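*Asks:*
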Amino acid sequence: MKPEHQSLLLKIARDAISSTIEHGRGEGEQAFQSLEKKFPDIGNIPELQEERATFVTLTIDGDLRGCIGMLEACRPLAEDVVENARAAAFRDPRFAPLSIEEFGQLQIHISVLSTPEELFFESEADLLAQIRQDVDGLILQDGERRGTFLPSVWADLPNKELFLMHLKMKAGLPSDYWSDTLRVFRYTAECFPAD
62 MKPEHQSLLL KIARDAISST IEHGRGEGEQ AFQSLEKKFP DIGNIPELQE
112 ERATFVTLTI DGDLRGCIGM LEACRPLAED VVENARAAAF RDPRFAPLSI
162 EEFGQLQIHI SVLSTPEELF FESEADLLAQ IRQDVDGLIL QDGERRGTFL
212 PSVWADLPNK ELFLMHLKMK AGLPSDYWSD TLRVFRYTAE CFPAD
């Protein structure tokens, strides 16, 4: 993605959050239409109109402050960024809604995901051999249990065994869990640095 498009998406995400702080939480299409008025280029850039899945991660002084996203594309890229930025700021259940005081310290990171690809394996060792360290994001699911780690999580969990163990726990499974019904998908992400 072109640097100017990355920059525009970061501005759009920041504006979506500040507008919500300023004017309240009007949902969905109305909020996106108001952004289109501020950023008329959105509609003229085909890349931003493609259906893409994104995650928006918010940090303050390097500490997580919210992270919400979609694993499957269901709306245009720019709109997905708007909705996930607002959700990360105000609807991440791990945090209180973002305050106006915090907004000035906020760093925004956007990850645009590739289409997930299922991995097929016969054992945990086989699965670990297929995982590309520092490259893959993973989705792990078994029955109703599901969790994902973005590729950026490799910075905190720098080996495959730790990465997989913590992903199992995130999905609500024991760290040593294994089952023949376990499914794993991998994806890559184009990550934009904080603005």
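Remember, the working numbering sits 61 above the position in the sequence shown when you count from 1.
We put the beta carbon where it would ideally sit given N, CA and C, even for glycine.
Values in this document were obtained by computation on a predicted structure and should not be read as measured data.
(1) When the Cα of Tyr248 is compared with those of His170, Val142, Arg193, which residue comes out closest?
(2) Just how far apart, CA to CA, sit Ala114 and Val143?
(3) List, from N- to C-terminal side, the alpha helix (DSSP H) runs of 4 residues or more that fit wholly inside the segment 82-152.
(4) Since I believe Ser172 is in contact with Leu211 (beta carbons under 8 Å), could you give me their beta-carbon distance rounded to a whole number of angstroms?
(5) Could you round the C-beta distance between Leu119 and Ala149 to whole angstroms and report it? I think they count as a contact, below 8 Å.
(6) Hey, is the segment 166-182 in contact with the segment 122-140, meaning 3+ C-beta pairs nearer than 8 Å?
(7) When you compare only the Cα positions, how much space is there between Val245 and Ile200?
(8) Does the separation of the CB atoms of Phe164 and Gly127 fall below 8 Å?
(9) Please work out which residues of its chain come closer than 8 Å, Cβ to Cβ, to Ser79, disregarding the five sequence neighbours upstream and downstream, and give them in chain order.
*Replies:* Considering the structure as presented:
(1) The shortest Cα separation from Tyr248 among His170, Val142, Arg193 belongs to Arg193.
(2) The C-alpha of Ala114 lies about 12 Å from the C-alpha of Val143.
(3) As far as the segment 82-152 is concerned, its whole alpha helix (DSSP H) runs of at least 4 residues are 89-99, 107-110, 138-151.
(4) 6 Å
(5) So it is a contact: roughly 5 Å between Cβ atoms.
(6) yes
(7) Rounded to whole angstroms, the separation of the alpha carbons of Ile200 and Val245 is 6 Å.
(8) No Cβ-Cβ contact shorter than 8 Å links Phe164 with Gly127.
(9) Phe164
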